[in-house]
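> Chain order of the listed sequences is A and B.
In this text, residue positions in the first sequence follow my numbering: the first is 1, and each later residue adds one.
In this text, residue positions in the second sequence follow my numbering: the first is 314, and each later residue adds one.
Built from N, CA and C at the ideal position, the CB exists for glycine as well.
Before we start, here is the structure in question, set down as structure tokens.
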Amino acid sequence: MNGEDLKFLAERSWTLEDRTPERLVDVHHRIAAHRRRRAATALATVAVVLVVLALGIALATTGTTGDIPDPAPTPTPAPNSAPIKPAEGTCWAVPAKLVVDPDHWVDDSDQVSCDQKHTTQTAAVLVLDEPTIEDAQRRIDPCEGYVLRYVGVSQDSWIPWSWVAFLPSQEEIDDGASWVRCDLVFPTTWEYAGAHATTGSGAGIADNPPTDRWGCFNTLPTDKTDQPYVPCDNPHVYEATGTPTFIDGLTAYPSVSDLETATDEQCLPTVPDKFQGMAITAAWSPRSTFTPGGSVLGACFAYNSDRSPLPAR
Amino acid sequence: MAEESEFNEFVAARSQALVRSAYLLTQDEGRAEDLVQTALTKAWFAWSRIDDPEAYVRRIMVTTSASWWRRRWIRESPTDEPPAQLRDSGGSEATADEGQDLWTAIGRLPRRQRAVVVLRYLEDRTETDTAQLLGCSVGTVKSQCAKALAKLRLDTALAPASDEGSVS
């Protein structure tokens, strides 16, 4: 076989229906949604700043350090009314250990204002035929894409992120709720052993991430050891360059040399100016998580070749 | 707004061709449409900085054509799906079967090799053009092509149905 033998396959793509007009409309909807998310993020930031300023003024005026008053309670549906699907962007105070518990599906955590500490944020809600774990497991494949787009991660704007899916609370299920939430999570370690409690919306945040969402390590995770992300606003040894890496279609976990080749091919061409001249490596998904036919995934990191600390970001 | 009008014209003129390419990369009509719309949306926000919109969009498509950030280790559960289809040993309807087998085999190539095969052979692009779209060297395109073709030759979907006819 040579390449010429394959050319006739291109004909398959000519059978696709031309839906250019609908596509143009769809793309503009996506652009508008993206803008709204960006605006929401900016507004949330402004709101946080204003609240902090107002509290500062209030404290300075009264000279007291009393408790911060509780925010207005989250509206809840009236008794006996059908449960209402949570809206995109809803923030949740799911206990961190439940976020990463693979057996925690039915979630009765509190909705909170995104200005308050929260561990997950809903990027999409998928309707289920039955509100069961089995049905949810069958339907959540698209969650990853929804969350990915929601946070804005792409081939040139990577930050540590992950996703999790939850069914409604048992009470809501009993009242007829039948959906699964696709929630955004910011992991505390490379292998997602914990979830950060953050404030502010995560919508579109990968486009211009604050320092506390960037990926930094003091020790690079290997295929044997998970590592926690460390604050990038302190000196750190490894700093993400903002580019993900991957190798797919694998029958076995790649050799060190294959990983190095992929790192060179995928990380080096995308190193931002601020990291030029530095050593570049990649953290990869661990061997323990590899399944034949699957992928290994990673992210590019810059470091000083003598492992001396990089300055606070 | 001039930029919006330019963007709309670009989508109207080129997006169907982009969808065809995306389809060859993803082998799925829905994913192809999603891939193109994602790439176009991203292009919109960079429109004023882009010199060659089509190259920019194609590059985004190629580099995002696989679900590359699939956190497989999270809630991964075994699938009941059978392994990839093996070739029907009946041998009838040879041409249609061969096309389907090739299509299946290309779908099993690693993402980057599949992209090289699609760009070089299905879209008939030059090595230089392919390298530019993939953001790699011409040498890498050549080596990935060679590896891809070697893999296709060994793919079970394309293996001879029996030993008959094999050269000994």
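1) Along the region 314 to 333 of chain B, where does the CB come closer than 7 Å to a CB of chain A? Name the residues.
2) Can you give, in chain order, each stretch of the alpha helix (DSSP H) that sits fully within the region 252 to 313 of chain A and has at least 4 residues?
3) I need the DSSP call for V482 of chain B, collapsed to helix, strand or coil.
4) Taking 7 Å as the CB-CB cut-off, is Y336 of chain B touching chain A?
5) From which residue to which residue does the alpha helix (DSSP H) around Y192 of chain A run?
6) Can you name the residues of chain B whose CB is closer than 8 Å to the CB of H34 of chain A?
7) On the criterion of 16 or more Cβ atoms from any shown chain inside 10 Å, does V100 of chain A qualify as buried, or is it exposed?
8) Spell out a yes or no on whether the region 187 to 204 of chain A and the region 116 to 124 of chain A are touching, meaning 3 or more CB-CB pairs, one atom from each, closer than 8 Å.
9) Roughly how far, in whole angstroms, is the beta-carbon of A283 of chain A from the beta-carbon of P244 of chain A, given that I think they are within contact range, below 8 Å?
10) In angstroms, rounded to a whole number, what distance separates the CA positions of V332 of chain B and H236 of chain A?
11) Pick helix, strand or coil for A87 of chain A, following the three-state DSSP scheme.
12) Does the CB of D314 of chain A have a neighbour CB from chain B at under 7 Å?
13) Can the beta-carbon of D26 of chain A be found less than 7 Å from the beta-carbon of Q426 of chain B?
14) For T453 of chain B, which of helix, strand or coil comes out of DSSP?
15) How is I68 of chain A classed by DSSP in three states: helix, strand or coil?
16) Is H34 of chain A buried or exposed, if buried means 16 or more other CB atoms sit within 10 Å of its CB?
17) Relative to chain B, which residues along the region 257 to 287 of chain A have a C-beta separation below 7 Å, given in chain order?
18) By the criterion of Cβ-Cβ separation under 9 Å, what are the contact partners of R371 of chain B in chain A?
19) Can you list, in chain order, the stretches of the alpha helix (DSSP H) that have 4 or more residues and sit fully within the region 94 to 177 of chain A?
20) List the endpoints of the continuous alpha helix (DSSP H) containing V324 of chain B.
21) Which residues in chain B sit within 8 Å of N338 of chain A, going by Cβ to Cβ distance?
22) Run through chain B and tell me which residues come within less than 9 Å of I173 of chain A, C-beta to C-beta.
23) Do you know how far the Cα of L184 of chain A is from the Cα of W382 of chain B?
24) Would you mind telling me which residues of chain B sit closer than 8 Å to F8 of chain A, beta carbon to beta carbon, in chain order?
25) Does DSSP put E17 of chain A in a helix, a strand or coil?
26) Using DSSP with H/G/I as helix, E/B as strand and the rest coil, what is W416 of chain B?
27) What are the complete beta strand (DSSP E) segments, minimum 3 residues, inside the region 183 to 248 of chain A?
28) In or out: F358 of chain B buried (at least 16 other Cβ within 10 Å) or exposed?
29) Using a beta-carbon distance below 7 Å, is D442 of chain B in contact with chain A?
30) Should A379 of chain B be flagged as near chain A, meaning a C-beta pair shorter than 7 Å?
31) What did DSSP end up calling C181 of chain A once you bin it into helix, strand or coil?
32) Of all the CB atoms in chain A, is at least one closer than 7 Å to the CB of G452 of chain B?
33) For the region 113 to 135 of chain A, which residues have a beta carbon sitting closer than 8 Å to at least one beta carbon of chain C?
34) Provide the residue span of the alpha helix (DSSP H) that contains R362 of chain B, from first to last.
35) Any C-beta of chain A sitting closer than 7 Å to the C-beta of D468 of chain B?
36) Leaving out five residues before and five after W190 of chain A in sequence, what residues of the same chain have Cβ atoms less than 7 Å from its Cβ?
According to the structure shown:
1) N321, V324, A325, S328, Q329, V332, R333
2) 256 to 267
3) Past the boundaries of the shown model lies residue 482 of chain B; chain B is included only from 314 to 481, so the question cannot be answered.
4) Position 23 of the second sequence holds residue 336 of chain B. Yes - at least one Cβ of chain A is within 7 Å of the one on Y336 of chain B.
5) Counting from 1 along the first sequence, the entry for residue 192 of chain A is found at position 192. Unbroken run through Y192 of chain A: none, as it is neither H nor E.
6) Taking the first sequence and counting its residues from 1, the one referred to as residue 34 of chain A is at position 34. Residues of chain B passing the Cβ test: T354, F358.
7) As a position in the first sequence, residue 100 of chain A is number 100, starting the count at 1. When all chains shown are included, V100 of chain A counts as buried.
8) yes
9) On the first sequence, position 283 is the one that residue 283 of chain A refers to. On the first sequence, position 244 is the one that residue 244 of chain A refers to. Their Cβ separation, rounded to whole angstroms, is 10 Å, which puts A283 of chain A and P244 of chain A out of contact at 8 Å.
10) As a first step, residue 332 of chain B is located in the second sequence; it is residue number 19 there, counting from the start. As a first step, residue 236 of chain A is located in the first sequence; it is residue number 236 there, counting from the start. Each residue's Cα considered, the two are about 43 Å apart.
11) Reading the first sequence from its first residue, position 87 is the one you call residue 87 of chain A. Coil.
12) The structure shown has nothing for residue 314 of chain A, since chain A only spans 1 to 313.
13) Residue mapping note: residue 26 of chain A aligns to position 26 of the first sequence, counting from 1. Residue mapping note: residue 426 of chain B aligns to position 113 of the second sequence, counting from 1. Their beta carbons are not under 7 Å apart, which means D26 of chain A does not touch Q426 of chain B by this criterion.
14) As a first step, residue 453 of chain B must be located in the second sequence, where it is residue number 140. Helix, per DSSP.
15) Here residue 68 of chain A is taken as the residue at index 68 of the first sequence, counted from 1. Note that I68 of chain A scores a pLDDT of 34, beneath 50, so its modelled location is shaky; the value from the coordinates is reported in the next line. The answer is coil: DSSP assigns I68 of chain A none of H, G, I, E or B.
16) Mapped onto the first sequence, residue 34 of chain A falls at position 34. It is buried - the Cβ of H34 of chain A has at least 16 other Cβ atoms within 10 Å.
17) E265, P269, S285
18) On the second sequence, residue 371 of chain B is found 58 positions in, with the first residue counted as 1. Ordered by position in chain A, no residue passes the 9 Å Cβ test against R371 of chain B, which lies about 13 Å from the chain.
19) 96 to 99, 133 to 139, 143 to 151, 170 to 174
20) Indexing the second sequence from 1 puts residue 324 of chain B at position 11. 315 to 339 is the span of the alpha helix (DSSP H), which, as asked, contains V324 of chain B.
21) Chain A is shown only over 1 to 313; residue 338 of chain A falls outside these bounds and no answer can be derived.
22) Your numbering for residue 173 of chain A matches position 173 in the first sequence. Within 9 Å Cβ-Cβ: nothing; I173 of chain A doesn't reach chain B, min ~20 Å.
23) Reading the second sequence from its first residue, position 69 is the one you call residue 382 of chain B. Reading the first sequence from its first residue, position 184 is the one you call residue 184 of chain A. Confidence at W382 of chain B is low in this model, with a pLDDT of 37, below 50, so its placement is unreliable and the value that follows should be read with caution. The alpha-carbon atoms of W382 of chain B and L184 of chain A are separated by roughly 14 Å.
24) As a first step, residue 8 of chain A must be located in the first sequence, where it is residue number 8. Within chain B, the residues near F8 of chain A are G412.
25) Locating residue 17 of chain A in the first sequence gives position 17, counting from the first residue. Coil, per DSSP.
26) Locating residue 416 of chain B in the second sequence gives position 103, counting from the first residue. The answer is helix: DSSP assigns W416 of chain B an H, G or I state.
27) 238 to 247
28) Here residue 358 of chain B is taken as the residue at index 45 of the second sequence, counted from 1. Burial call: exposed.
29) Along the second sequence, one-based indexing puts residue 442 of chain B at 129. Answer no: the Cβ-Cβ gap between D442 of chain B and chain A never drops below 7 Å.
30) Taking the second sequence and counting its residues from 1, the one referred to as residue 379 of chain B is at position 66. With a pLDDT of 45 at A379 of chain B, under the threshold of 50, the modelled position of this residue cannot be trusted; read the value that follows with caution. Yes - at least one Cβ of chain A is within 7 Å of the one on A379 of chain B.
31) Taking the first residue of the first sequence as position 1, residue 181 of chain A is located at position 181. Rather than Cys, the amino acid found at residue 181 of chain A in this sequence is Arg. Looking at R181 of chain A - three-state DSSP - the assignment turns out to be strand.
32) For the purposes of this step, residue 452 of chain B is identified with residue 139 of the second sequence, where counting begins at 1. So, not an interface residue.
33) The structure shown contains no chain C; its protein chains are A and B.
34) In the second sequence, residue 362 of chain B corresponds to position 49, counting from 1. Taken as a continuous stretch (DSSP letters only), R362 of chain B belongs to no alpha helix (DSSP H), as it is neither H nor E.
35) Here residue 468 of chain B refers to the residue found at position 155 when the second sequence is read from its first residue. Chain A, which has no Cβ nearer than 7 Å to the Cβ of D468 of chain B, makes this no.
36) Looking up residue 190 of chain A in the first sequence gives position 190. Only P221, D226, Q227, A283 meet the Cβ criterion.
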